[in-house]
Structure formats: C-alpha cells, structure tokens
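Structure, as structure tokens:
There are 2 protein chains.
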Amino acid sequence: MPVVMDADRIGRTLTRIAHEIIERNRTLDQLVLVGIQRRGVPLARRLAAAIHAINQHEVPTGALDITLYRDDLMRHTVGTQPVVGRTDIPFSIDDKRILLVDDVLYTGRTIRAALDALIEFGRPTSIQLVVLIDRGHRELPIKADYVGKNVPTSPSQSVQVRLAETDGRDEVEIQE
Amino acid sequence: MPVVMDADRIGRTLTRIAHEIIERNRTLDQLVLVGIQRRGVPLARRLAAAIHAINQHEVPTGALDITLYRDDLMRHTVGTQPVVGRTDIPFSIDDKRILLVDDVLYTGRTIRAALDALIEFGRPTSIQLVVLIDRGHRELPIKADYVGKNVPTSPSQSVQVRLAETDGRDEVEIQE
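Protein chains in written order, with our numbering: chain Z, 1 to 176; chain V, 1 to 176.
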C-alpha cells in the first residue's frame, strides 16, 4: 500500500497551491473557496489559512455536498444524478470567482455535478478547480487548474486521502 | 486580420485528429460523433469521413444545438441557461462513448451546457471533447481531449472559423 504523500508533503503542496492561486488571480477580492464534502472542505479551509498567512487576505470558504446517485447501478454511465445536501455556503456566489476544491479528481462526474449545483445556487463569474490528487481516467472533459500531485493509477486501484480533520492524520495512500 | 489556418492546414489537422481518435480509443464500436451547431456539425461529419477513409469504420454522427441565453445580459456569469433546439441525434447514446465536436473552445460555457444536454438526452459511458481551435480564457474547468490548434488571443479579439459547408470556404481568421 504505497504512501504517495505524507503529512509534510501535503503541507508543502497546499502552501505551493496557495502561492499559485495568488499568482494567477490578479485580485483576490472576488475569490471564494468552496470545498466538496467530505475532504475537500478541510482542504479548502487549509488553503484559506495558507492564503491568509501569505498576504492577510480572508477568502470566504463554503462547503458543497455532492452525492452521486446512479439511477441504474448496473450501468456504467456519466449521467449520474447529483444529490445536493448539507451545503453550507454562507455568502453570495454572485459575481464571484469560485475555487472549487476536492481531494481526488477521477472520472470528472462529481465535478460536473458540482458545477451544476454551483450554477443552480448563484451566478459566479468563473469556476476554477483545485485538487490534491489527479489520478487520471477521466470520462468527461474536465481539468483541474491546480493539482497537488498527479498519481497514475489503474482503474482497479483506489486512492485514499486521509486528513487530520476527518481521519486523524494526513496521508495519501494507493490501495490495490 | 491574420489567417491562422488555411484550407490545407484544416484538412491536414482533421486527418491528424482522426488518427489520434483511432489511436486513443481501443475499439471504435461504441464511438459516436456529436457536432455542436453550427460549425461543429460539418467538422464532426468530416472527422467521420476521415475515420472511415483510414479504417472503413462508420461512426454515427449527430448534431446538437446549444444556444446560450443569458438571463441577465448586463452580468458576466457562467450560469448561462442553455436552450437546446434543432438537435438531431438519430441514434441512442446509451452506453456510447461520445466525441463532442465544436469549432472554438473559449470560456467553456457552451461545452458545459452541451454536457448537460447530452446527459439529459441519454446515458453515455463517456464524453470526449474535440475542438478545431482552443483560444484560451477558460471560465470553467473544461478541457479538450483533441485540439486542432491552440491560438492565443486577447479577450477583445474574435476567432472566425469558416467552413466550405457553412461559409463557402475553409479558413480560420483572428479578428480585432
């Protein structure tokens, strides 16, 4: 079970992404962070803290819960129906540039559903995607703007992200 | 008004993309092409012809009409409402791997709307994106799988794709 990122590496990676976000967004004024439940939420909070540590700017941070529910479990399809619940975005996203944060980017289905949910929820100017791990095997033309680490995987493997807030420790492990 | 692609270049590029499609899709059996109106449709038909010329495989080809309609024209937002009309997909897209074809990739809004329309329309296994021109300035985390040519532009410029079927000649021009 290879560990592909340990706590140090995760910390350094999030700091690097915070610098990239600052560099690639001329002004931080309209930026907001939205983490996808479950582990995207602590990642979004850590990015907000890292951005604040660098330049004292507070980026509002919210949470979006996307549960993919297949209307036909036997069928492999991109047309999964998102169920949106426990969403906690306590600010308007109108005219905001959203940084959507998730732990692992895989087929792209969750992200497509999240884009729909955000656009249902308000009128953002743009949506950028931040992921800790890109494991490949996309089934939709979705791409992350900020990637912590590209981890080539086979479809039979799984990528387990553990974070102190949700799992007691920071670690990314590939499981066979 | 610089011409960035002439007829020869467009022809060679579509042949190259046809080869890439064959190379990257182990089997062509479940593949279908769907062009976005207006100029994605002749591009999809030409790709089907190019694939047939290479290996005698017939890829079913359909057309999707996405008109973006802003509920508030004064506001710059990714939450445009797609209006789907004149769609002509005379085959089931269930369990199919769709190659979605458009002439120019820009903000990503049209593509997001097209993904929604396709997923509304059936249950595809996957959706890949083919574009003749990627002009940059994305506002959504959308990426093309096959790109004819990357053309850096400023937001004030426009990219005009002309095709024999719709415009009497093949040419891609940047307009100030």
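Think of the CB as a built atom: it goes at the ideal place given N, C-alpha and C, for glycine as much as any other residue.
message: At a CB distance below 9 Å, what residues from the region 131-164 of chain V approach chain Z? Give them in sequence order.
response: Contacts with chain Z (Cβ-Cβ distance below 9 Å) from the region 131-164 of chain V involve Arg138, Glu139, Leu140, Pro141, Ile142, Lys143, Ala144 and Asp145, listed in chain order.
message: I need the DSSP call for V:Glu20, collapsed to helix, strand or coil.
response: In the structure shown, V:Glu20 adopts helical secondary structure according to DSSP, grouped into three states.
message: I'd like to know whether the C-beta atoms of V:Val34 and V:Ile89 end up nearer to each other than 8 Å.
response: Taking C-beta atoms as the reference points, V:Val34 and V:Ile89 count as a pair closer than 8 Å.
query: Just curious, the alpha helix (DSSP H) that Z:Ile36 is in, first and last residue?
result: No alpha helix (DSSP H) contains Z:Ile36, which is instead part of the beta strand (DSSP E) from Leu31 to Ile36.
message: In whole angstroms, give me the CA-to-CA distance for V:Thr110 and Z:Gly168.
response: For V:Thr110 and Z:Gly168, the distance between alpha carbons rounds to 42 Å.
query: If you follow the beta strand (DSSP E) that Z:Leu129 is part of, which residue opens it and which one closes it?
result: Note, Z:Leu129: beta strand (DSSP E), Ser126 to Asp134.
Cα-Cα separation, V:Val104 to V:Val83: For the pair V:Val104 and V:Val83, the Cα-to-Cα distance works out to about 19 Å.
message: Could you tell me the alpha carbon to alpha carbon distance between Z:Ile51 and V:Val3, rounded to whole angstroms?
response: Using only the alpha carbons, I get a separation of about 43 Å.
- prompt: Which residue from Z:Asp6, Z:Leu129, Z:Gln128 and Z:Gly108 puts its Cα closest to that of Z:Gly136?
  reply: Considering only alpha carbons, the answer is Z:Gly108.
query: Contact check, V:Phe91 vs V:Pro60 under 8 Å by CB: the rounded distance?
result: Sure, about 5 Å apart at Cβ, within 8 Å.
- prompt: Given Z:Glu58, which residues of its chain have a CB within under 7 Å of its CB, disregarding the five upstream and five downstream residues?
  reply: Excluding residues within five positions, the ones whose Cβ falls inside 7 Å are His52.
Reduced DSSP secondary structure (H/G/I, E/B, other) of V:Gly62: Residue state for V:Gly62 is assigned as strand, using DSSP reduced to three classes.
query: Near V:Gly122, what residues of its chain come up, given a Cβ to Cβ distance below 7 Å and the 5 sequence neighbours on each side ignored?
result: Correct list, in chain order: Ser92, Ile93 and Asp94.
field: Any C-beta of chain V under 8 Å from that of Z:Ser126
entry: Yes - at least one Cβ of chain V is within 8 Å of the one on Z:Ser126.
- request: Work out the CA separation of Z:Val130 and Z:Ala44 for me, nearest whole Å.
  value: Straight-line Cα distance between these residues: approximately 9 Å.
- request: At 8 Å on the CB atoms, spell out the chain V contacts of Z:Asp116, in chain order.
  value: Here the neighbours are Asp116.
Contact check, V:His19 vs V:Ile54, beta carbons under 8 Å: V:Ile54 is positioned such that its CB atom lies closer than 8 Å to that of V:His19.
- request: May I ask which residues mark the beginning and end of the beta strand (DSSP E) holding V:Asn150?
  value: Note, V:Asn150: beta strand (DSSP E), Tyr146 to Asn150.
- request: Using only alpha-carbon positions, find the residue among Z:Thr15, Z:Leu68, Z:Leu163 and Z:Asp29 that is nearest to Z:Tyr146.
  value: Nearest of Z:Thr15, Z:Leu68, Z:Leu163 and Z:Asp29 to Z:Tyr146, Cα basis: Z:Thr15.
- request: List the whole-angstrom C-beta distance separating Z:Ala7 from Z:Glu171, where the pair is believed to meet the contact cut-off of C-beta under 8 Å.
  value: Right, the Cβ-Cβ distance comes to about 7 Å (below 8 Å), so this counts as a contact.
message: Report the CB separation of Z:Ile133 from Z:Val101 in whole angstroms; it is logged as a contact under 8 Å.
response: About 12 Å separates the CB atoms of Z:Ile133 and Z:Val101; that is not less than 8 Å, and the two are not in contact.
query: What does a CB cutoff of less than 7 Å around Z:Arg138 pick up in its chain, not counting 5 residues either side in sequence?
result: The answer, listed in chain order, is Thr107 and Gly108.
- prompt: Could one say the Cβ of Z:Arg112 lies closer than 8 Å to chain V's Cβ atoms, at least one of them?
  reply: Closer than 8 Å: yes.
message: Here's the rule: buried if 16 or more other CB atoms are within 10 angstroms of the residue's CB, otherwise exposed. What is Z:Arg97?
response: By the 10 Å Cβ count, Z:Arg97 comes out buried.
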